[in-house]
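Add 11 to the 1-based position in the sequence shown for our numbering, that's all there is to it.
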Amino acid sequence: MTSVLTDRRSSSVIVVLLIAAIVEFLELNMIYVALPAMYKEYGDPAIVGWLVTSFALVAAVAAGIGGRLGDVIGARRVLVGALAVAVLGSLISALAVSFPMLLTGRALQGFSGAILPVAYGELRRVITPARLKTAIGLLSGGAFLGAALGFLSAGLAIQYFGWRSIFCLSAVLGVASAMLCLTLPRPTASTLRVRDIDFVGGTLFAPAVAAILLGVTQLRSWGIGDLRIVGLLVAGIALLGVWVSYELRHANPFFDIRLFRRPRFLASCVGIALFSAGVLSLAVLVSPIVQQSPATGIGFGLSASVYGVISMALAFVGFAFSPVGGLLSQRIGAARAAIIGATVSTIGIVGMMITLHSSVAMFLLFMVLAGNIGCAMTWASFPNLVVEGVPSSRTSEATGMQQVVKQVAQAGGLQLVSVLLAGGAVAGPGGAAVLTESSYRAALWYLVVLSVLVIPVVYLARRTPAEDVSEAAATTVPVRAGVAGEPS
Numbered sequence: 012m013t014s015v016l017t018d019r020r021s022s023s024v025i026v027v028l029l030i031a032a033i034v035e036f037l038e039l040n041m042i043y044v045a046l047p048a049m050y051k052e053y054g055d056p057a058i059v060g061w062l063v064t065s066f067a068l069v070a071a072v073a074a075g076i077g078g079r080l081g082d083v084i085g086a087r088r089v090l091v092g093a094l095a096v097a098v099l100g101s102l103i104s105a106l107a108v109s110f111p112m113l114l115t116g117r118a119l120q121g122f123s124g125a126i127l128p129v130a131y132g133e134l135r136r137v138i139t140p141a142r143l144k145t146a147i148g149l150l151s152g153g154a155f156l157g158a159a160l161g162f163l164s165a166g167l168a169i170q171y172f173g174w175r176s177i178f179c180l181s182a183v184l185g186v187a188s189a190m191l192c193l194t195l196p197r198p199t200a201s202t203l204r205v206r207d208i209d210f211v212g213g214t215l216f217a218p219a220v221a222a223i224l225l226g227v228t229q230l231r232s233w234g235i236g237d238l239r240i241v242g243l244l245v246a247g248i249a250l251l252g253v254w255v256s257y258e259l260r261h262a263n264p265f266f267d268i269r270l271f272r273r274p275r276f277l278a279s280c281v282g283i284a285l286f287s288a289g290v291l292s293l294a295v296l297v298s299p300i301v302q303q304s305p306a307t308g309i310g311f312g313l314s315a316s317v318y319g320v321i322s323m324a325l326a327f328v329g330f331a332f333s334p335v336g337g338l339l340s341q342r343i344g345a346a347r348a349a350i351i352g353a354t355v356s357t358i359g360i361v362g363m364m365i366t367l368h369s370s371v372a373m374f375l376l377f378m379v380l381a382g383n384i385g386c387a388m389t390w391a392s393f394p395n396l397v398v399e400g401v402p403s404s405r406t407s408e409a410t411g412m413q414q415v416v417k418q419v420a421q422a423g424g425l426q427l428v429s430v431l432l433a434g435g436a437v438a439g440p441g442g443a444a445v446l447t448e449s450s451y452r453a454a455l456w457y458l459v460v461l462s463v464l465v466i467p468v469v470y471l472a473r474r475t476p477a478e479d480v481s482e483a484a485a486t487t488v489p490v491r492a493g494v495a496g497e498p499s
């Protein structure tokens with residue numbers, strides 16, 4: 012299933028995939044800049060918040076399903092298809108005459124969530140082993156670069172042309188990226204035909220993940236005891252159990268649950284869950300503390316615009332360090348690289364606690380260690396753990412499953428950090444809630460604990476014997492008649 016290219020040709024593939032990843036994360040992050048303007052137009056912040064939730068729901072499902080399809084029908088087709096649907100969503104959002112229309116367009120944009128796992132699989136197919144892990148680190152950096160460009164471009168577009176212009180911009184970039192993806196190498200022949208794909212397994216997977224993710228994201232709004240929350244979580248978990256049972260019995264499962272028997276893949280999923288629920292929730296804490304007035308007893312008093320510029324600059328720092336995580340994975344192994352990144356993040360979070368009453372420069376320095384340098388190195392290491400633990404023909408599928416775990420864990424982490432912050436809030440002038448030092452410290456301790464837990468989880472993966480990731484090892488279950496050699 013592999014077809015390694017020359018260094019020059021493979022470099023062009025890396026650029027094309029990086030641009031696609033940037034589009035994905037630009038679409039994810041640009042909405043945050045537009046939220047204040049949308050609050051003014053549509054009123055209720057809880058309703059407007061669905062523009063974030065709908066994207067996350069669809070992106071989680073698209074990551075899993077798109078990853079599997081990328082292994083079967085080829086990255087080029089899946090990437091172009093995902094970008095085409097995302098462009099359609101951008102156009103619908105730009106032309107929206109009602110909130111439901113805008114919400115529909117935003118949900119369609121979530122199909123871009125398929126890009127990253129498919130891109131990882133394509134890299135493994137065409138990049139030489141000597142360059143692979145560094146290339147994966149660079150591609151992971153697209154998350155930071157996309158965020159930086161999303162903040163910058165959305166801010167300028169909204170200031171001069173209004174919030175609808177951000178969707179016009181994303182549509183143009185999506186079309187350009189799709190055209191570039193058409194230049195990707197043609198996929199090698201797959202032993203699995205499209206009609207043999209387990210679409211029932213893919214269909215059961217989607218509502219199960221969506222129900223769980225929706226229940227988690229609405230915990231704060233609806234309350235933990237709300238019957239809607241309980242119903243969504245119970246229904247999602249039950250359907251997930253049905254799905255797992257079905258996939259384990261299927262000869263050519265849409266998602267091979269048996270991949271979780273591979274220690275390195277299992278460790279990568281547990282590790283990224285801890286990492287996503289912890290360090291990736293850092294922005295929810297940092298934004299209020301740097302903007303809160305020092306007169307309240309805690310805070311640095313930066314304006315929203317100044318903080319926005321700083322966030323953009325720091326995102327570029329994250330992008331610069333992502334290849335470092337890939338390079339370390341290449342030199343010393345993905346597990347050791349992840350441990351180093353998690354350690355740096357832990358030091359940074361502890362430093363943030365120490366400097367809560369120091370200068371804003373010192374606080375932001377430690378924030379850079381935690382949320383940019385350490386985060387970038389760790390983020391780039393997890394897909395490389397997948398590369399070390401699964402056959403190449405399952406790379407997109409495995410990284411797609413890993414991204415689903417990441418989405419659900421991050422949603423839960425964001426909710427928990429928000430609850431910890433709100434738990435220590437007091438009434439300020441005019442009745443507005445003001446966060447206290449105790450609430451910030453509680454949230455920071457939570458982040459420290461999860462960041463530390465990443466280390467032993469990944470260490471256990473490093474201690475396991477090297478796994479057989481050959482294509483022969485991928486074929487572990489009987490194959491239906493007429494479908495020769497399909498890996499399970």
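All C-beta atoms in this analysis are idealised placements derived from N, C-alpha and C, irrespective of residue type, glycine included.
What span of residues does the alpha helix (DSSP H) with residue i cover, start to end?
i      : result
Pro394 : 386-400
Ser109 : Where Ser109 is concerned, there is no enclosing alpha helix (DSSP H), given that its DSSP letter is neither H nor E.
Arg347 : 345-365
Thr194 : From DSSP, Thr194 is part of no alpha helix (DSSP H); its letter is neither H nor E.
Thr64  : 61-84
Gly157 : 153-172
Ser369 : Here Ser369 belongs to no alpha helix (DSSP H), and DSSP marks it neither H nor E.
Thr410 : 406-434
Phe276 : 274-288
Ala249 : 238-260
Ala221 : 210-228
Ser403 : Element bounds for Ser403: n/a, residue is neither H nor E.
Gly234 : No alpha helix (DSSP H) contains Gly234, which DSSP labels as neither H nor E.
Pro264 : Element bounds for Pro264: n/a, residue is neither H nor E.
Pro128 : 126-137
Ser298 : 293-302
Taking 6 Å as the limit between beta carbons, can you name the residues of its chain near residue i, skipping five residues before and five after?
i      : result
Val468 : Ala278, Val281, Gly282
Val346 : The displayed chain sequence assigns Ala, not Val, to residue 346. Same-chain partners within the cutoff: Val469, Ala472, Arg473.
Arg491 : Confidence is the limiting factor: at Arg491 the pLDDT is only 37, short of 50, which leaves the residue's position unreliable and the question unanswerable from this model.
Arg259 : According to the sequence provided, residue 259 is Leu. The question's Arg does not apply to it. Closer than 6 Å at Cβ, skipping near neighbours: Ile268.
Gly435 : Thr447, Ser449, Ser450
Ile350 : Ile466, Val469
Ile25  : Ala146
Phe265 : Arg79, Asp209, Gly212, Gly213
Nearest by alpha-carbon distance to residue i: which of the options is it?
i      : options                        : result
Gly424 : Phe286, Leu380, Ile466, Arg142 : Phe286
Ala146 : Thr115, Gly121, Leu338, Ile223 : Leu338
Thr228 : Val437, Gln418, Ser22          : Gln418
Ala105 : Val428, Ile177, Ala74, Gly161  : Ile177
Ser294 : Gly148, Leu270, Tyr43          : Per the sequence shown, residue 294 should be read as Ala rather than Ser. Minimum Cα distance to Ala294 is reached at Tyr43.
Leu224 : Leu243, Gly212, Leu215         : Leu243
Ser304 : Val397, Val297, Gly312         : Gly312
Phe327 : Val397, Gly344, Val379         : Val379
Gly329 : Thr307, Ala391, Ser314, Leu296 : Ala391
Gly411 : Thr115, Phe276, Tyr457, Ile138 : Phe276
Ala48  : Arg117, Leu68, Leu62, Gly173   : Gly173
Leu160 : Phe393, Leu180, Val437         : Leu180
Gly60  : Ala32, Ser232, Gln302, Tyr457  : Ser232
Are residue i and residue j touching if we call contact CB-CB under 7 Å?
i      : j      : result
Ala97  : Gly77  : no
Ala372 : Ser356 : no
Ala45  : Gly124 : no
Gly310 : Ile321 : no
Leu291 : Gln426 : no
Val34  : Ser188 : yes
Phe542 : Gly319 : Shown here, the chain extends from 12 to 499; a query on residue 542 therefore has no answer.
Gly226 : Ile240 : yes
Leu119 : Gly100 : yes
Ala353 : Val465 : yes
Gly400 : Arg272 : no
Gly121 : Phe66  : yes
Leu455 : Ile384 : no
Val459 : Met388 : no
Arg87  : Leu195 : yes
Gly148 : Ser333 : yes
Val416 : Ala284 : yes
Quick one: residues in its chain with C-beta nearer than 7 Å to the C-beta of residue i, no 5 flanking neighbours on either side, listed in chain order?
i      : result
Leu28  : Ala130, Glu133, Leu134, Leu150
Ile30  : Ser188, Leu191
Ala219 : Gly247, Leu250, Leu251, Trp254
Met364 : Arg452, Leu455
Phe377 : Gly359, Gly362, Met363, Thr366
Quick one: does residue i have its CB under 7 Å from some CB of chain D?
i      : result
Ser340 : The displayed structure is made up of one protein chain only, and chain D is not part of it.
Can you give me the Cβ contacts of residue i inside the same chain, cut-off strictly under 8 Å, excluding the 5 residues immediately before and after it?
i      : result
Ile58  : Phe110
Val463 : Ala353, Thr357
May I ask you to verify whether the region 167-176 touches the region 120-128, counting CB pairs closer than 8 Å and requiring at least 3? no
I'd like to know if the region 402-416 and the region 151-159 are in contact, where contact means that at least 3 CB-CB pairs between them fall below 8 Å. no
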